[in-house]
Amino acid sequence: MFGGGGKATPLPNLYHFYNYAVDYILSVRDMELARYACQVDINNLWEEGKPDGGERVETLRAYLSNERSLVKAANELFIHRNTLVYRVNKILETLLCDLDDSYTREYMQLSIRVLRLYYMINNK
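Just so you know, we're using this note's numbering here: the sequence shown kicks off at 3 and counts up by one.
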């Protein structure tokens with residue numbers, strides 16, 4: 003782990019689950035396991051708005067599915083653009099991740115779909 007001079011060397015077989023989460027969710031057959039693999043920010047937002055995830059999850063879903071276009075997302079949600087800007091800014095304040103990363107956006111969108119399906123199947 004530590005080489006000469008006190009420098010840390012990466013472990014060759016150490017992987018971060020985050021980098022494989024989308025593949026894992028798509029390959030796992032158990033919805034319970036898929037639910038636990040969902041992106042942490044989405045899980046947190048979902049818990050606030052149970053049972054359907056609430057307004058914040060729906061706002062983020064529309065924002066992400068419209069490639070972060072405020073105009074398109076506002077039209078989809080049938081709300082004023084400024085209302086959407088306010089909601090998105092409030093959501094962004096709570097997020098731990100970076101929405102500029104395409105993998106993160108994909109992971110978040112998939113997580114929303116998994117949670118919707120999980121709670122629909124389990125009537126929670």
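Backbone N, C-alpha and C define an ideal beta-carbon position, used for all residues, glycine too.
Rounded straight-line distance, which links the Cα of residue j to that of residue i
| i | j | result |
| --- | --- | --- |
| Phe19 | Tyr26 | 9 Å |
| Arg83 | Thr61 | 12 Å |
| Pro14 | Ala36 | 27 Å |
| Ala76 | Thr85 | 8 Å |
| Phe80 | Leu28 | 31 Å |
| Tyr109 | Val90 | 18 Å |
| Gly5 | Leu97 | Annotation note: pLDDT 47 at Gly5 (below 50); position unreliable, coordinate value reported separately. About 36 Å. |
Residue i, enclosing alpha helix (DSSP H) - first and last residue
| i | result |
| --- | --- |
| Ser104 | 104-123 |
| Val87 | 83-96 |
| Glu71 | The displayed chain sequence assigns Ser, not Glu, to residue 71. Taken as a continuous stretch (DSSP letters only), Ser71 belongs to no alpha helix (DSSP H), as it is neither H nor E. |
| Ala23 | 23-29 |
| Asp43 | 42-50 |
Cβ-based neighbour list, residue i, same chain, cut-off 8 Å, excluding 5 preceding and 5 following
| i | result |
| --- | --- |
| Lys92 | Arg58 |
| Asp100 | Thr106 |
Contacts around residue i, its chain only, beta-carbon distance under 7 Å, and the 5 residues preceding and following it disregarded
| i | result |
| --- | --- |
| Cys40 | Ser113, Val116, Leu117 |
Cutoff 6 Å; reference residue i; Cβ partners in own chain excluding five residues on either side
| i | result |
| --- | --- |
| Glu78 | Ala64 |
Contact the region 42-55 vs the region 66-74: 3+ CB pairs below 8 Å
These segments do not touch.
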